[in-house]
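Counting the sequence shown from 1 gives a position; my numbering is that position plus 7. Ideal Cβ positions, reconstructed from N, Cα and C, are used throughout, including at glycine. The block underneath contains the structure these notes are about, expressed in structure tokens.
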Amino acid sequence: MEGAKMERREQQPGPGATPTLAFTVENVEKALHQLYYDPNIENKNLAQRWLMQAQVSPQAWHFSWQLLQPDKVPEIQYFGASALHIKISRYWSDIPVDQYESLKAQLFTQITRFASGSKIVLTRLCVALASLALSMMPDTWPCAVADMVRLFQAEDSPVDGQGRCLALLELLTVLPEELQTSRLSLYRKGLVRASLVVECGAVFPLLEQLLQQPSSPSCVRQKVLKCFSSWVQLEVPLQDCEALIQAAFTTLQDSELFDSSVEAIVNAISQPDAQRYVNTLLKLIPLVLGLQEQLRQAVQNGDMETSHGICRIAVALGENHSRALLDQVEHWQSFLALVNMIMFCTGIPGHYPVNETTSSLTLTFWYTLQDDILSFEMDKQTMYQQIYRPVYFQLVDVLLHKAQFPSDEEYGSWSSDEKEQFRIYRVDISDTLMYVYEMLGNELLSNLYDKLGRLLTSSEEPYSWQQTEALLYGFQSIAETIDVNYSDVVPGLIGLIPRINISNVQLADTVMFTIGALSEWLADHPVMINSVLPLVLHALGNPELSISSVSTLKKICRECRYDLPPYAANIVAVSQDVLMKQIHKTSQCMWLMQALGFLLSALQVEEILKNLHSLISPYIQQLEKLADEIPNPSNKLAIVHILGLLSNLFTTLDVSHHEDENEGPELRKLPVPQGPNPVVLVLQQVFQLIQKVLSNWLNDAQVVEAVCAIFEKSVKTLLDDFSPMVPQLCEMLGQMYSTIPQASALDLTRQLVHIFAHEPAHFPPIEALFLLVTSVTLTLFQQGPRDHPDIVDSFMQLLAQALKRKPDLFLCERLDVQGVFHCAVLALKFPEMPTIKASCNLFTELLPRCGEIEPIGKVVQEDGQLLLLTVLEAIGGQASRNLMDCFADIIFVLNKHCFSLLSVWIKEILQRPHFPSARLTPEEKATFSQQILRERVNRRRVKEIVKEFTLLCRGLHGTDYTANY
């Protein structure tokens, strides 16, 4: 090791190992000094690596005890204690049985000595003894815990009583914790846990005595609470914890012990098995209710930590055991009192998360309570509905109050993180309100509407935009996910919205989102559209309302499109104005274009063309100008933006109403127009311009992608209506791809194959394009395809789509089927997972056709063995285990469609020595081969066989790693 003169001797830990430093006390101390004090980071790393080896070496048994000598510094003593723990926990099987007792005695001696020494060393020694105890329980050391208690209570110890007490408590605390992290098998862990639960009879009376003794110092009681908290996680029966829980409640008055008391009580109450002990739970309710005065005082004094802790206790009891406590009908009043206490916590004064952080803890409780009430049989449910419906109406009021924004001045002083936490908190409140609707139904909406009506029409109280916003937020929360079309209060709400004095961005945002949430209702009541549409159009001009106003307009245009023609000119004019002024960010501009696409879909063809002309002419002119300019980064951004606007417009401009056909014939409100599709007319007009843009930007993937997106989205929306464009688009795609191959061109080709390849009129141009892109891609493969995984992925998907949609494409003499096959085999070896999956998918489409398509049958006959070889290499360890199902699919399809060939190939290939893995025996390979050849019908079974085989190949079969995988 650099920077330290240490005695050296040679060790032989394994073949090829280099001479290393001897694992002696002196060398360990020097390495620790180097780790802690050497300024050179490389030396520190070397020292750390060497020390890790030292800890697991056989010599650790000797030097560990020497490092614990009183004359050593705590850092050295700590390393010695840690080494002992590692040796005991990981190498227990190396310890001879006859040394167990002496090892135990030595550890007891050291713990006693360190009871008045370094606390960190004491803890590590306790962990080491805990590990030893767990390894010896329950057979070799059945009364381990009782023995520990007895030994540390012995009066003849040289250590003072408090020191011994703290050492014992430390040992008892780490014992359950060590069980959680130990490397014992699940079976052994279960045995030891059961043994410890029995032994709690030796622990709990001691803890109770120490906690209740007036003379116990604070440090001892603190340790008692932590010890109790550790033990209850062993799932000790709640009734056995009862006395200690009650004692822990008394310590909540002590500010020093408060946090530890809360942790212990919450852990005890939250045990999964605790609900079985209903009598104990019932005794806990008065104890929790007894904390109400302390809670009120804490809230009054702004003591957030105390209010948070008491709330945790109340919620732990209510949330974990509401079903068990509701079952005790005769105690309904005491449980209701607990519910009201939790309600107090929900409504704790202050704004989350700035003045309080407690209310959010309670939200899950209200879900749980509602679920439990609604799960009862009808009689009990009816009774509890009568009791708890008023509680839930109160909850709505509390939640809407908590959801209110602070004053503008206060909100302006919040940090961005606080604002984001408040936003998330409001989303949680929104989810809760939506859930509560299930219990309260339409009466909840009526309640909100009445409050909003009074607020907006009352002249007595000063107007509060925060209250208005919160009530609207409540409406919106419910209307977004619940069908409110049959609610009789929605017309009144729509009538109230224009009366709202929108003086604030947050209020305006919520008004927009509320209108958007009611867009389906507006579609059924089109007479009300005019009440709210002007508000939305006005908000479009405010950049602060960008997301809410644009998304709301999009919803209205999508849901109410057939009732919007009277407003179309105004909507287009306002939208065009804000687009020209560049008020919105790019994504909102795209949404706005989608909204206009929905809107125009419902107009007559002449109207569509007229609006399209005024809407896109400025962009076409701008694009013409940009096409003549020398390419540079700024005009590239402008081009991509304009192409994005056009493609988003064409995504939703569907005059044939394909979307309506998907939803049902009753929604078809307009006849399908005759004649050319307006989108096609526009595309034909701008086609040459797009080609001109492309000629300057062919080497830029972003621009090519944006161009392809226009046509891809148009094809998806227009389907057969796109027909007139197919020949010229095929020609343009061929020119594009021949010049510079890009994945987006292949993806668009795949769309054309999917929709038009089966139509005789379009087969010639599509076949020509397919042959061209295949030829170009095969050339790319010859040059080295590793730099283009996206192209290879898209190419595999295109080939699979061709086989699925139009297998005749593979009958063409000019198609190099063998070249395609070899490229796909090569793609199986790519590191990128999507590319491998696409290639596997291609083979599952290709192999079943080897009988019907002669060129495919011929190439499989000649080169199928190469495919199998590649697949077996991947299974043998060349590919990720996550992909084994994909490779199993290829084997399954080979077996099903090429059985006679597979049975010859698999035997030949597996006879190769060390293939596909040196770990396999000839018997394992023969078994795999036989299993595969037997399964020609059960795909799932083939996947299981391949998974087993890949584990054998990787040396992982039967390991813990595999079990957890």
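Within a 10 Å sphere around the beta-carbon of residue 615 sit 16 or more other beta-carbons, which makes this residue buried. Its chain contains 183, 200, 203, 204 as the residues whose beta carbon lies nearer than 7 Å to that of residue 241, once the 5 sequence neighbours on both sides are disregarded; these appear in chain order. Residue 326 has its alpha-carbon roughly 52 Å from the corresponding atom of residue 938. In the three-state scheme derived from DSSP, where H, G and I count as helix and E and B as strand, residue 580 is classed as helix. Its chain contains 92, 181, 185 as the residues whose beta carbon lies nearer than 7 Å to that of residue 134, once the 5 sequence neighbours on both sides are disregarded; these appear in chain order. Close CB contacts of residue 572 within its chain, under the 8 Å cut and outside five residues either way in sequence, are with 609, 610, 614 (chain order). Taking C-beta atoms under 8 Å as the contact rule, residue 139 and residue 176 fail to qualify, at a distance of about 18 Å.
By the criterion of a C-beta distance shorter than 7 Å, residue 707 is surrounded in its chain by 643, once the five residues flanking it on both sides are discounted.
Shortest Cα-Cα distance from residue 316 to any of 271, 211, 834 involves 271. Only residues of its own chain outside the window of five on either side were considered, and among them 82 have a CB closer than 8 Å to the CB of residue 43, listed in chain order. A buried status is given to residue 743, since no fewer than 16 other beta-carbon atoms sit within 10 Å of its beta-carbon. Under the three-pair Cβ rule at 8 Å, the region 919-935 does not count as touching the region 844-862. When 108, 497, 895, 276 are compared, the shortest CA-CA separation from residue 527 is found for 497.
Spanning the alpha carbons of residue 870 and residue 790 requires a straight line of approximately 22 Å. Shown here, residue 293 sits in a helix according to DSSP, grouped into three states.
Per DSSP, reduced to three states, the secondary structure at residue 421 is coil, with no helix or strand assignment.
With a cutoff of 7 Å on beta-carbon distance, residue 686 and residue 657 are scored as near each other.
Of all C-beta pairs linking the region 99-112 to the region 69-81, fewer than three are shorter than 8 Å, placing the two stretches out of contact. Residue environment: residue 772 is assigned as buried (16 or more neighbouring CB atoms within 10 Å of its CB, all protein chains considered). Scanning its chain for C-beta atoms nearer than 7 Å, with the 5 sequence neighbours on each side dropped, one finds around residue 745 the residues 779, 783, in chain order. Taking residue 722 as reference, the option from 739, 453, 306, 661 with the minimal CA-CA separation is 661. Closest in alpha carbon position to residue 360, among 47, 426, 507, is 426.
The three-state secondary structure of residue 939, taken from DSSP, is helix.
Put simply, the backbone Cα of residue 511 is about 9 Å away from that of residue 473. From the listed residues 767, 927, 900, the smallest Cα separation to residue 947 is found for 900.
Counting of Cβ neighbours within 10 angstroms places residue 878 among the buried residues, the total reaching 16 or more. Using a 10 angstroms sphere on the CB of residue 168, the tally of other CB atoms stays under 16, which defines it as exposed. Residue 728 and residue 398 have their C-alpha atoms roughly 58 Å apart. Counting every other CB atom within 10 Å of its CB across the protein chains shown gives residue 147 a total below 16, marking it as exposed. Shortest Cα-Cα distance from residue 508 to any of 260, 440, 463 involves 463. Look at the region 220-261 and you find these whole runs of alpha helix (DSSP H), each 4 residues long or longer: 225-239, 245-257. Pairwise C-beta distances place the region 288-296 in contact with the region 324-340, as three or more of them are shorter than 8 Å.
Here residue 486 is near residue 524, since their CB atoms are less than 7 Å apart. The distance from the Cβ of residue 808 to that of residue 761 is about 6 Å, consistent with a contact at the 8 Å cut-off. Contact check for residue 318 and residue 369: beta-carbon distance about 7 Å, within the 8 Å limit, so the pair qualifies. Burial state of residue 640 is exposed, judged by a 10 Å Cβ sphere holding fewer than 16 other Cβ atoms.
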